[in-house]
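> I am attaching a structure below and will ask some questions about it afterwards.
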Amino acid sequence: MEHLASRSSSLNTLRPQSSSGPQDAVRALFLQAGIEFNGRQPFDIEVRNSRVFSVIANSGSLGFGESYMAGDWECAQLDEMACRLLAARLDQKPFGAAQLKLFAHRLRLRHFGFWALWPSAG
């Protein structure tokens, strides 16, 4: 029984490290707009569910909106937060999966030119 308890506790110590990648990246992105997660300002985002970080990392602004509707986060001054995000042009910066897609698209164009955009006749 003790063996299972020690094994379980060692697994729990590994979990936060695996999720810190998206969390750190999302926090750094929002800091560009002066917005902190669980910060003290009324325009800061109060996290209700930590999955918000992976949702934003994977789905960008769409995931950000969906996670708000799901109740994953709240903000006392939603209008000010939105103004700060737009002023920092975060909606125009590729992030996460979108950044990877953009990189792949540019790579195809660079190596295959215009024909990389042409649908295959399959």
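Here the sequence shown stands for residues -16 to 105, numbered as in our numbering. Don't be surprised by glycine CBs; every beta carbon is placed ideally from N, CA and C. Fair warning: this is a prediction, and the values are worked out from it, not measured in the lab.
1. Identify whether Glu19 lies in helix, strand or coil by the three-state DSSP scheme.
2. What does Val9 pair with, by DSSP beta-bridge criteria?
3. Tell me which residues share the same chain as Val9 and place their Cβ nearer than 7 angstroms to its Cβ, disregarding the 5 neighbours each side in the sequence.
4. Tell me, to the nearest whole angstrom, how far the beta carbon of Ala16 is from that of Leu73; I am working on the premise that it is less than 8 angstroms.
5. If you drop the 5 nearest sequence neighbours on each side, which residues of the same chain put their C-beta closer than 8 angstroms to that of Arg67?
Considering the structure as presented:
1. Shown here, Glu19 sits in coil according to DSSP, grouped into three states, outside any helix or strand.
2. Answer is none; Val9 lacks a bridge partner.
3. The residues are Phe36, Ile39 and Ala40.
4. Indeed, because the Cβ distance is near 6 angstroms, the residues count as touching under 8 angstroms.
5. In its chain, beyond the 5 residues on either side, Ala16, Gly17, Ile18 and Phe26 have a beta carbon closer than 8 angstroms to the beta carbon of Arg67.
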